[in-house]
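Working notes, structure below.
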Amino acid sequence: MEFNPLSPEFRLNPYPFYDMLRTHAPIFFWEPWQFTFLSGYEDCATLLRDNRLGRGHFDDSMAPASQKDLVRMQADWMLLKDPPNHTRLRGLVYKAFTPRMVEQLRATIQTITDQLLDTVQAQGEMDLIADLAYPLPVTVIAEMLGIPLDAREQFHDWSNALALTLDMTDDTAVYDQGSIAAARFTEYLADLAEQRRRSPKNDLLSALVSVEEAGDHLTANELYATCALLFVAGHETTINLIGNGTLALLRHPDQFELFKREPELVKTAVEEFLRYDSPVQMTARIVLEEMEYKGHTFQRGSQIAFLLGAANHDPERFENPAQLDITRQKNQHLSFGGGIHYCLGAPLARLEGEIAFTTLLRRMPNLHLAIDTPTYTDNYLLRGLKSLPVTF
Ligand code: HEM
-3 MEFNPLSPEF RLNPYPFYDM LRTHAPIFFW EPWQFTFLSG YEDCATLLRD
47 NRLGRGHFDD SMAPASQKDL VRMQADWMLL KDPPNHTRLR GLVYKAFTPR
97 MVEQLRATIQ TITDQLLDTV QAQGEMDLIA DLAYPLPVTV IAEMLGIPLD
147 AREQFHDWSN ALALTLDMTD DTAVYDQGSI AAARFTEYLA DLAEQRRRSP
197 KNDLLSALVS VEEAGDHLTA NELYATCALL FVAGHETTIN LIGNGTLALL
247 RHPDQFELFK REPELVKTAV EEFLRYDSPV QMTARIVLEE MEYKGHTFQR
297 GSQIAFLLGA ANHDPERFEN PAQLDITRQK NQHLSFGGGI HYCLGAPLAR
347 LEGEIAFTTL LRRMPNLHLA IDTPTYTDNY LLRGLKSLPV TF
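Straight run, no breaks: the sequence shown in the numbering used here ends on number 388.
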């Protein structure tokens, strides 16, 4: 078994490869890309918090013309920035995503979930991805930002193209497509921001527009990039929490029955879905200054990849990691990352997951898989299903 993060076998099912790496080479240097892969829990948790690792500087002069718009947009994403700019950009939006603020969205999220299930309830079958896992988080984040209903499909296509550029790939077309999406996204958001300047509404976009107008805290490009990032991060991941979580449940009838009997287990169940088949499988950092770690020298400028999905199955940290256990108590997974980039939207994702699973089980207790082997999307980093046909 050979580790190659670009191989179809790895991308289809990375877990056997994770086990092999963690056992034989938990700090593994992959020559072709000069990347060091970490697969152990402790190494990932420790180094995600080490400020000698970061994002480094974006230089759009080096990018080919066909990718400049992408590099320009991503250069303004907090996700890909170091302090102090990371701190400033995160500080501008974090209040909207605190557990207290997010809790106020509970009734809205419940209504959206019920409306989505109303549409399919009488049919006795649905595609869980197209009918619930995708439209739920997309509607929530679009409402928070203030994106008009009719633009959401278009936003989703752009967002998909941007999400693919975060994956490990050597296909330049992915970056070219991402760049076209970044340009269109920016253009659309610039128009929408202009409308909010003239007549503000009660949404995040208007709040950010007023920060931009107030002075030197936020440039116009940072405003558009932040909205695009929130849209991408706000749904491309949560789709996979709902999709991968449902698939895991349906493949473990004992856990499904237990969950139906004790729906109050929902909080530990959501954490277990996040750990068991993590929506975000990997993240990466650049070495900002040369450093030694457990006998390895990390050269300045080299890349470190954190295999979060592997860390979440580390037997040193999780008892019987390959087993789905919705009652698991000791479950400090790394699915939301760690350190300064720890997922800003974690409280929102958790609440959406909680409501989606509770409502699904209550309204469709006879849920069954309608096919044997669902197919995954082409994105390894954001692991999720293309579709999940179910009957109920
Ligand atoms: C199950 C759903 C989600 C998962 C698994 C997830 C996972 C992650 C992870 C692993 C990171 C850190 C990446 C890194 O360190 O490189 C991250 C960052 C981030 N996430 Fe999430 N996320 C989810 C949902 C959301 C939602 C709903 C939002 C809402 C807007 C969101 C917004 C963000 C943002 C803005 C960042 C960047 C934070 C920073 O750089 O400081 N995420 N997420």
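Glycine is no exception: its CB is placed at the ideal position from the N, C-alpha and C atoms.
Take the Cβ of residue i as the centre, count every other Cβ of all protein chains shown within 10 Å, and call the residue buried at 16 or more, exposed below.
{"i": "residue 90", "result": "exposed"}
{"i": "residue 259", "result": "exposed"}
{"i": "residue 367", "result": "exposed"}
{"i": "residue 70", "result": "buried"}
{"i": "residue 334", "result": "buried"}
{"i": "residue 348", "result": "buried"}
{"i": "residue 127", "result": "buried"}
{"i": "residue 20", "result": "exposed"}
{"i": "residue 122", "result": "buried"}
{"i": "residue 173", "result": "buried"}
{"i": "residue 77", "result": "buried"}
{"i": "residue 129", "result": "buried"}
{"i": "residue 273", "result": "buried"}
{"i": "residue 58", "result": "exposed"}
Return helix, strand or coil for residue i, following the three-state DSSP convention.
{"i": "residue 294", "result": "strand"}
{"i": "residue 275", "result": "coil"}
{"i": "residue 123", "result": "strand"}
{"i": "residue 385", "result": "strand"}
{"i": "residue 253", "result": "helix"}
{"i": "residue 165", "result": "coil"}
{"i": "residue 100", "result": "coil"}
{"i": "residue 140", "result": "helix"}
{"i": "residue 232", "result": "coil"}
{"i": "residue 360", "result": "coil"}
{"i": "residue 338", "result": "coil"}
{"i": "residue 208", "result": "helix"}
{"i": "residue 372", "result": "strand"}
{"i": "residue 268", "result": "helix"}
{"i": "residue -2", "result": "coil"}
{"i": "residue 287", "result": "strand"}
{"i": "residue 319", "result": "coil"}
{"i": "residue 73", "result": "coil"}
{"i": "residue 30", "result": "coil"}
Leaving aside the five residues before and after residue i along the sequence, list all residues of the same chain whose C-beta is less than 6 Å from its C-beta, in chain order.
{"i": "residue 124", "result": "242, 384, 386"}
{"i": "residue 72", "result": "217, 218, 221"}
{"i": "residue -3", "result": "16"}
{"i": "residue 404", "result": "As displayed, the chain neither begins before -3 nor continues past 388, which places residue 404 out of reach and without an answer."}
{"i": "residue 192", "result": "201, 202, 205"}
Please list, in chain order, all residues of the same chain as residue i whose beta carbon is under 7 Å from its beta carbon, the five residues on each side excluded.
{"i": "residue 262", "result": "350, 353, 354"}
{"i": "residue 214", "result": "88, 204, 207, 208"}
{"i": "residue 389", "result": "Beyond the ends of the chain as shown, which are -3 and 388, falls residue 389; an answer cannot be given."}
{"i": "residue 86", "result": "74, 340"}
{"i": "residue 317", "result": "309, 310, 311"}
{"i": "residue 188", "result": "201"}
{"i": "residue 152", "result": "134"}
{"i": "residue 237", "result": "269, 270, 275, 345, 349"}
{"i": "residue 375", "result": "159, 160, 163"}
{"i": "residue 109", "result": "132, 351, 352, 355"}
{"i": "residue 105", "result": "136, 347, 348, 351"}
{"i": "residue 300", "result": "32, 34, 43, 49, 280, 281, 283, 294"}
Is the separation between the beta-carbon of residue i and that of residue j shorter than 7 Å?
{"i": "residue 388", "j": "residue 360", "result": "yes"}
{"i": "residue 377", "j": "residue 162", "result": "yes"}
{"i": "residue 284", "j": "residue 50", "result": "yes"}
{"i": "residue 341", "j": "residue 230", "result": "yes"}
{"i": "residue 306", "j": "residue 35", "result": "yes"}
{"i": "residue 65", "j": "residue 179", "result": "yes"}
{"i": "residue 63", "j": "residue 171", "result": "yes"}
{"i": "residue 251", "j": "residue 320", "result": "yes"}
{"i": "residue 68", "j": "residue 55", "result": "no"}
{"i": "residue 267", "j": "residue 327", "result": "yes"}
Within its chain, find whatever has a CB closer than 8 Å to the CB of residue i; leave out the 5 residues flanking it on each side and keep chain order.
{"i": "residue 254", "result": "261, 322, 323"}
{"i": "residue 12", "result": "-3"}
{"i": "residue 372", "result": "7, 8, 379, 380, 381, 382"}
So, is the C-beta of residue i closer than 7 Å to a C-beta in chain D?
{"i": "residue 199", "result": "Considering every chain present, this structure includes no chain D. It has just one protein chain."}
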